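> Provided herewith is a single structure, encoded as structure tokens, for subsequent inquiry.
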Amino acid sequence: MVYDVIIVGTGPAGIFTCLTLLEKRPSLRVLLLEKGRSIKERKCPVASGETACVACPECNILSGWGGAGAYSDGKLTLSRHTGGHLARYISDSRLDSLISRVDDTYLRFGAPLDRLYGTPSTELRALQELAARNRLTLVSSPVRHIGTDICFEVLTRMYEHLRSRATVRFGSSVDRILAADRRAAGIECEDGTRITADVVVLAPGREGARWLDLEASRLGLTRLTNAVDVGVRVELHAAVLEHLTRVTYEPKLLYRSERFDDQVRTFCVNPHGQVVKEYLKELWTVNGHSFAKSKTENTNFALLVSTTFTEPFDEPIQYGRHIAQLANFLGKGVIVQRLGDLHKGRRSTPDRMGRGAVRPTLRDATPGDLSFVLPFRHMANITEMLEALDRIAPGVNAPDTLLYGVEVKFYSRLLKLSQCLETEVANLFAVGDGAGVSRGLVQASATGIVAAEEILSRLP
Ligand SMILES: Cc1cc2nc3c(=O)[nH]c(=O)nc-3n(C[C@H](O)[C@H](O)[C@H](O)COP(=O)(O)OP(=O)(O)OC[C@H]3O[C@@H](n4cnc5c(N)ncnc54)[C@H](O)[C@@H]3O)c2cc1C
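585 is the number of the first residue of the sequence shown in this note's numbering; add one for each residue after it.
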């Protein structure tokens, strides 16, 4: 079989590449290769509450149709200021227009029209002023909340739409990128199958970032160091943040620490949500999501400290992995600690946890002591930010607040890309989180459109 375009990875970036290509040119022969499963077969025993994680060979939370988007909270952040760096490649006006096209497409496939938060209002302005008076910045960005359950349905509809128009192969892990004379020539799968195509689009997400980095190195592509975000997931009673989440759904708050002058930020706020474990190749980290139809009594969010290392160190992903490994080593998995215990310099125990007012939504975290895991710099930044947050949302810095560790956001090494997201190998494009360009659903989807439009413009 001969294909015009091969897309590696069926997360939002790969899906939007395919949607755009076929919308404009239905006759194109497009092959989508995905190492995970089809969306209907993606079943995570942890998410469905059946068992603890059984460490599937390909994590169903991160891999399969929809990529990391399938079990995501489905928050579409409709702002060019968050969720990625696409603004470095295209103009602000084009990015704004792509963001609204992406939103329209999610709506067309069933995203809810009415769940839009954080649009400019007097209430939002008042919250921004309150934040500013307490050394915090509340970034204004409209968010459409799809919810994990409906997000799954939206992505299923996208699959139903594309399956008869393109060839989709699941369980196909791409091993090598083929190039000849610095032009893309196709791919080779792990089982040795070689497939040729004139154009290859790499959309492997964070899940495939290590693979992409190794392949980029083998092909001699220039790679630039990216940041690594390390921190904790905070869980508290939903009422504590209700005045913020009601208006913005996902309050994006920034804080510059006094002690280290580092930026700390809230990330992925899940009102009435659930804390979940995430398995990243022999590593347990923590994350969170919330459903549109079922609610818990808690809200969770990450507090992350972003670090960009300078020469000679250029292994930020390994740095993040080592910290997560330390938590896994000490806690035999994810560690949870009551903030009151952290302040008193003692570990949390099942007994102390049981007496706390906040009931953990992640059941199989080990009560322990995060001060043995996080570097002092990170811990000091996080505790400072909790104090600042407490001034605008009293109760954040309370003894019963739970901290889960660790949450790590590895951003793929940035590949050197042109303005249309082409690598230094002609007709080899890299899009989405895997290329280090995006960090969220909207910008990941938008990168797919950018690459697809360039490919279309090159076709006869
Ligand atoms: C729990 C969770 C919650 C999230 N919540 C939100 C949210 O509410 N809002 C938001 O904006 N973002 C959220 N995100 C982030 C968002 O999901 C990602 O930014 C987005 O999915 C990135 O899209 P992508 O297509 O670049 O990569 P991915 O979605 O990661 O997809 C990449 C796909 O490529 C496949 N792949 C990788 N390597 C290979 C290979 N070698 N061969 C074949 N296939 C391969 C993977 O299996 C995967 O299916 C969340 C992420 C997680 C994990």
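Ideal placement from N, C-alpha and C gives every residue a C-beta, glycine not left out.
For clarity, every value in this text was computed on a predicted model and none was experimentally measured.
Below 8 angstroms between beta carbons: does that hold for Ile591 and Cys602?
Yes, the Cβ-Cβ distance between Ile591 and Cys602 is below 8 angstroms.
> How big is the Cα-Cα spacing for Asp984 and Asn884?
Taking the straight line from one Cα to the other gives about 13 angstroms.
> Return the CA-CA distance between Asp759 and Val752, expressed in angstroms with no decimal places.
So the alpha carbons of these two residues sit roughly 17 angstroms apart.
> Helix, strand or coil, according to DSSP, for Cys773 in the structure here?
Residue state, collapsed to three classes: strand.
> List the endpoints of the continuous alpha helix (DSSP H) containing Ser890.
No alpha helix (DSSP H) contains Ser890, which is instead part of the beta strand (DSSP E) from Asn882 to Thr891.
> Identify, in the order they occur along the chain, each residue of the same chain with its Cβ nearer than 6 angstroms to the Cβ of Gly1018, setting aside the five sequence neighbours on each side.
Excluding residues within five positions, the ones whose Cβ falls inside 6 angstroms are Pro788, Gly789, Gly792, Ala793, Leu796 and Ser996.
> Looking at Thr661 and ligand 1, is the gap between the Cβ and the nearest heavy atom below 7 angstroms?
Indeed, a heavy atom of ligand 1 lies less than 7 angstroms from the Cβ.
> Write down the C-beta distance between Gly979 and Thr832 rounded to the nearest angstrom, noting that I regard them as a contact closer than 8 angstroms.
That pair is no contact at about 18 angstroms.
> Which whole-angstrom value describes the C-beta separation of Thr880 and Gln858, a residue pair presumed to lie in contact below a C-beta threshold of 8 angstroms?
Between Gln858 and Thr880 the Cβ distance is about 6 angstroms, and since that is below 8 angstroms, they are a contact.
> Specify, as a first and last residue, the run of the alpha helix (DSSP H) that Leu867 falls within.
Element bounds for Leu867: n/a, residue is neither H nor E.
> Among Phe893, Leu986 and Ile966, which has the Cα closest to the Cα of Thr933?
The option with the nearest alpha carbon to Thr933 is Leu986.
> Please return the same chain residues whose Cβ sits closer than 7 angstroms to the Cβ of Phe693, not counting the five positions on each side in sequence.
Around Phe693: Val738, Arg741 and Met742.
> Got a sec, what are the start and stop residues for the alpha helix (DSSP H) Leu828 sits in?
Unbroken alpha helix (DSSP H) run through Leu828: Ala822 to Thr832.
> Using only the alpha-carbon positions, how far apart do Ala715 and Leu616 sit?
Roughly 45 angstroms between the two C-alpha positions.
> Report the three-state DSSP secondary structure of Gln921 (helix, strand or coil).
Gln921: strand per DSSP, three-state reduction.
> Which full runs of the alpha helix (DSSP H) of 4+ residues lie inside the stretch 738 to 806, going along the chain?
For the stretch 738 to 806, whole alpha helix (DSSP H) runs of length 4 or above, ordered along the chain, are 793 to 802.
> Smallest Cα separation from Leu803: which of His927, Asp680, Pro1044 and Ala764?
Leu803 has its Cα closest to that of Ala764, out of His927, Asp680, Pro1044 and Ala764.
> Judging by CA-CA distance, which residue of Pro1044, Glu1038, Leu1025 and Glu862 is the nearest neighbour of His729?
Taking only the C-alpha atoms, the option nearest His729 is Leu1025.
> For ligand 1, is there any heavy atom lying closer than 7 angstroms to the beta carbon of Lys619?
Yes; taking the cut-off as 7 angstroms, the Cβ of Lys619 has a heavy atom of ligand 1 nearer than that.
> Helix, strand or coil for Ala1010? Go by DSSP, reduced to three states.
In the structure shown, Ala1010 sits in a strand (DSSP, three-state: E or B).
> From the DSSP output, in three-state form, read off Glu707 for me.
Of the three classes helix, strand and coil, the one that applies to Glu707 here is helix, per DSSP.
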